[in-house]
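Report on the following structure.
Numbering (the numbering used here), first residue to last: 12 to 604.
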């Protein structure tokens, strides 16, 4: 078996020292390969023991019948003895089900230790009684076994197999990137581009358009049953080719669990996974927008709808398709004739009348009469339209300020959930990834790029669940959409980002605290790493970010002690229900949580 020869060899960098068997389906001394006169190992007997059960399976063998599992301790963990590693290997094989304790017909396996901090378990996927072992989803059983061993031996705790991690590049993909001088493997770079496009897009068509604008190749997959129904997509880089000279394609699900087309559609619609491109879009939330930003956003949306239309009815339909409210003005002399229009955000302030903006108030050329003239002679309009959709420096600064305000609102909402119901903040954790990715793209700040990449795992809910939209999550999606709109301008006027970066730091610190309370250690570490990178993005001399305002130590103890979520009483209720101050000394026999 070539793997055994590698484990007993010097290694690629002479890192294998004193290789020896610590455990196996028989005693370790009995399985240890013999030593020849010249000092080399004799693997013939061990090879025969491993290959004998494969002959019993015959054609029922697995195509790749060797099962290999490296187990490594963390650098800060204590160095364990051979006896401890042997017990760990036996427990893993028992929990995975390949060699249960007391099952003498199980697979044949061996654990080889050739370094102080790790062992390699090698097995052949053929039972000694002629059966074929089940290895379906064995990675989850391995993860559960490792977590049990971490608790038992006091080792560093690692994350469960909750399907929140993105697909990692393979070793071949990493080496290919190094050979071609790319800073990142294609899978990682494509995931970043897809996440950024999805965060800044308001529709499926805009998502694919942004990908193509970024130089990404896009291949769409359509249903074989329903004509014209798109069921998936794949992306590739133009310069990433296989041995046949063709692009290497990655489906959305191969990049990350939340980048499949059905789950991306939920970002734009808030509906279930069966929605299509024609479903109504989730509108941009106007609650966190200033007057200047509202006008600029509406002007951009109206101009885009006008660019894609040729008639009045088509224009009005596109406005409604953007999730905007539309109010029409009719002629007083000609029955049914539309003479003007006004638009407003669908969501602004609960219980208040929307703020309406006529087209002529947004821009002189967006009145209905001017739009009709434009549609009547589109060639003349194209010659005079250059540069008229640019944001002013004041508008661009307002976009950043409102994005920062929306991020602060989301942080406050998450802090409310720290004590009452931590799981209600998952949508905000997911949407924070959108805001970070778009902020990194529009600012070009390398520290924000690193923060967005580091935060990746902290965004996803366990088992690939898509959280229910919440006000905090919608506020962060508003942040992403506002920043994406600033990135469409040709002239990127310098704006102050200090407030935005400071609010991102507070947001990430709060999310890290939230995941710590949930005992989701991998997600908490990811949020802390993202916060550290974001701190490096602050301009020189910028004001330090405020410390995260989380629950007190007593609140954290209470959350750990009680299985159901609780909330503190309102201030007036506390004053009414508080007992009078005791006149004598305080009793010390109260049971602590």
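Glycine included, every Cβ here is placed at the ideal spot set by N, Cα and C.
In this text, all values refer to a predicted model and were calculated from it rather than measured experimentally.
For residue j and residue i, the rounded distance between their alpha carbons
i: residue 252; j: residue 404; result: 42 Å
i: residue 302; j: residue 212; result: 23 Å
i: residue 444; j: residue 409; result: 22 Å
i: residue 247; j: residue 151; result: 30 Å
i: residue 146; j: residue 157; result: 17 Å
i: residue 580; j: residue 430; result: For residue 580, the predicted structure reports a pLDDT of 38, less than 50, and the residue's modelled location is therefore unreliable. A value from the coordinates is still provided. Computed Cα separation, rounded: 12 Å.
i: residue 26; j: residue 128; result: 12 Å
i: residue 463; j: residue 45; result: 52 Å
i: residue 31; j: residue 543; result: 42 Å
i: residue 39; j: residue 549; result: 57 Å
i: residue 555; j: residue 387; result: Residue confidence is low: residue 555 scores 49 on pLDDT, short of 50, so the model does not pin down where it sits. No coordinate-derived value is stated.
i: residue 461; j: residue 241; result: 33 Å
i: residue 349; j: residue 313; result: 17 Å
i: residue 259; j: residue 275; result: 22 Å
i: residue 262; j: residue 323; result: 39 Å
i: residue 494; j: residue 106; result: 49 Å
i: residue 139; j: residue 114; result: 10 Å
i: residue 511; j: residue 330; result: 30 Å
i: residue 485; j: residue 442; result: 8 Å
Residue interval of the alpha helix (DSSP H) (run including residue i)
i: residue 449; result: 437 to 454
i: residue 525; result: 509 to 528
i: residue 189; result: 182 to 190
i: residue 115; result: Unbroken run through residue 115: none, as it is neither H nor E.
i: residue 279; result: 272 to 280
i: residue 487; result: 482 to 498
i: residue 332; result: 323 to 332
i: residue 223; result: 215 to 224
i: residue 86; result: Residue 86 -> no alpha helix (DSSP H), and no H or E assigned at all.
i: residue 544; result: 532 to 547
i: residue 13; result: 13 to 18
i: residue 211; result: 197 to 211
i: residue 61; result: 55 to 68
i: residue 373; result: 370 to 373
i: residue 48; result: Element bounds for residue 48: n/a, residue is neither H nor E.
Assigned secondary structure, residue i (DSSP; H/G/I helix, E/B strand, else coil)
i: residue 141; result: coil
i: residue 10; result: The structure shown does not extend to residue 10, since the chain is modelled only from 12 to 604, so the question has no answer here.
i: residue 36; result: coil
i: residue 411; result: helix
i: residue 428; result: helix
i: residue 96; result: helix
i: residue 261; result: strand
i: residue 351; result: strand
i: residue 91; result: coil
i: residue 79; result: strand
i: residue 160; result: helix
i: residue 608; result: Not covered by the structure: residue 608. The range shown for the chain is 12 to 604.
i: residue 252; result: strand
i: residue 136; result: strand
i: residue 150; result: helix
6 Å Cβ shell around residue i - same chain, five flanking residues per side excluded
i: residue 131; result: 18, 81, 123
i: residue 523; result: 535, 538, 539
i: residue 340; result: 350, 351
i: residue 377; result: 313, 370
i: residue 85; result: 167
i: residue 197; result: 248, 251
Chain B contact for residue i (CB, 9 Å cutoff)
i: residue 28; result: In the structure shown, chain B cannot be found, because there is only a single protein chain.
Cutoff 8 Å; reference residue i; Cβ partners in own chain excluding five residues on either side
i: residue 65; result: 72, 76, 135, 137
i: residue 57; result: 12, 15, 42, 44, 121
i: residue 47; result: 53
i: residue 160; result: 99, 102, 103, 166
Delimiting residues of the beta strand (DSSP E) encompassing residue i
i: residue 231; result: 228 to 233
i: residue 335; result: 335 to 341
i: residue 246; result: 241 to 247
Contact set for residue i: own chain, Cβ-Cβ below 7 Å, skip 5 residues either direction
i: residue 490; result: 414, 417, 418, 446
i: residue 527; result: 535
i: residue 221; result: 208, 211, 212
i: residue 28; result: 125, 126
i: residue 559; result: Reliability of the predicted coordinates at residue 559 is poor, the pLDDT of 46 falling under 50, and the value obtained from them is presented with this limitation in mind. So the qualifying residues of the chain are 517, 520, 521, 524.
i: residue 110; result: 36, 104, 117, 118, 120
i: residue 508; result: 411, 454
i: residue 353; result: 338, 367, 368, 369
So, does the region 194 to 209 touch the region 249 to 268, judging by three or more C-beta pairs under 8 Å?
yes
Does the count of Cβ pairs from the region 532 to 539 and the region 510 to 517 closer than 8 Å reach three?
no
Taking 8 Å as the cut-off, does the region 160 to 172 touch the region 181 to 199 (at least 3 CB pairs, one atom from each stretch)?
no
Three or more beta-carbon pairs under 8 Å between the region 34 to 45 and the region 83 to 103, yes or no?
Output reads yes: the region 83 to 103 touches the region 34 to 45.
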